[in-house]
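Let me begin by presenting the structure, written as structure tokens, before commenting on it.
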Amino acid sequence: QKEVEQDPGPLSVPEGAIVSLNCTYSNSAFQYFMWYRQYSRKGPELLMYTYSSGNKEDGRFTAQVDKSSKYISLFIRDSQPSDSATYLCAMIVSGSARQLTFGSGTQLTVLP
Amino acid sequence: GAGVSQSPSNKVTEKGKDVELRCDPISGHTALYWYRQSLGQGLEFLIYFQGNSAPDKSGLPSDRFSAERTGGSVSTLTIQRTQQEDSAVYLCASSLLGRPNEKLFFGSGTQLSVL
Chain A
616 QKEVEQDPGP
626 LSVPEGAIVS
636 LNCTYSNSAF
646 QYFMWYRQYS
656 RKGPELLMYT
666 YSSGNKEDGR
676 FTAQVDKSSK
686 YISLFIRDSQ
696 PSDSATYLCA
706 MIVSGSARQL
716 TFGSGTQLTV
726 LP
Chain B
14 GAGVSQSPSN
24 KVTEKGKDVE
34 LRCDPISGHT
44 ALYWYRQSLG
54 QGLEFLIYFQ
64 GNSAPDKSGL
74 PSDRFSAERT
84 GGSVSTLTIQ
94 RTQQEDSAVY
104 LCASSLLGRP
114 NEKLFFGSGT
124 QLSVL
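Respectively, the protein sequence lines represent chains A and B.
In terms of the working numbering, the first sequence opens at residue 616 and continues consecutively.
In terms of the working numbering, the second sequence opens at residue 14 and continues consecutively.
Structure below.
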């Protein structure tokens with residue numbers, strides 16, 4: 616079983632929809648949680664970052680972490696065609712700079 | 014440069030040949046990472062360099078894979094005797110200090126195809 620599980624999709628939504636992307640994990644030592652966005656033929660870029668449990672909002676994006684359930688979510692409000700990309704969750708144990716553990720990514724298409 | 018630069022962007026090789034992939038990190042970044050991304054898979058950690066410390070090679074899948082970082086800057090990932098299962102996108106990333114909560118800056122990757 617993978618340490619981080621993410622539904623690969625693909626997920627297709629109409630423009631303006633609310634999108635919910637999710638990951639579950641098994642390692643309770645994870646403390647830092649990130650969401651990376653990856654456009655086709657590009658490297659991932661950091662979208663959101665949260666530490667421990669709670670919510671974080673940045674414009675149309677909200678990241679949620681529920682450590683008790685080992686579950687993290689990314690919500691995209693008023694989705695736009697430019698949001699079409701692969702979204703990867705990533706997490707890391709506190710004190711370890713060695714590596715992030717990534718989910719496999721969810722491919723999202725927002726239809727105009 | 015402004016970002017992480019990787020070359021070549023695409024590499025097609027024959028099974029059994031050696032390949033070298035290059036990464037030029039952001040100037041001043043002390044930490045450098047190599048990841049591999051196969052179709053439909055997440056990013057698989059390969060190797061991590063931090064300053065002058067010994068690299069963390071724990072993610073390298075076999076002894077055919079090696080990497081070096083010269084002068085704390087440019088890094089080269091070498092794959093010897095390539096196999097078809099080595100086909101993937103190889104991504105390089107750098108960060109300022111290598112701390113857990115730091116943003117990683119990724120290059121656009123090298124798409125490696127082994128025929």
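Backbone N, C-alpha and C define an ideal beta-carbon position, used for all residues, glycine too.
For the C-beta of A:F717, the chain B residues within less than 7 Å are, from N- to C-terminus, G55, L56. When C-beta atoms of the region 24-43 of chain B are compared with those of the region 102-112 of chain B, three or more pairs fall below 8 Å, so the two segments count as touching. About 5 Å separates the beta carbon of B:R82 from that of B:F62, a gap short enough to meet the 8 Å contact definition. Nearest Cα to B:F78 within the set B:G55, B:R112, B:T95: B:T95. At a cut-off of 9 Å between beta carbons, B:F62 makes no contact with chain A.
Proximity to A:F648 across A:Y640, A:S655, A:Y654 peaks at A:Y640, based on C-alpha coordinates. Taking 9 Å as the cut-off between beta carbons, the residues of the region 106-125 of chain B near chain A are A106, S108, L110, G111, R112, P113, N114, E115, K116, L117, F118, F119, G120, S121, G122, Q124, in sequence order.
Within the same chain, and ignoring the five residues on either side of B:H42 in sequence, the residues whose Cβ sits closer than 8 Å to its Cβ are S107, S108, L109, F118. Ranked by Cα distance from A:V628, the options A:R692, A:G674, A:R656, A:V680 are led by A:R692.
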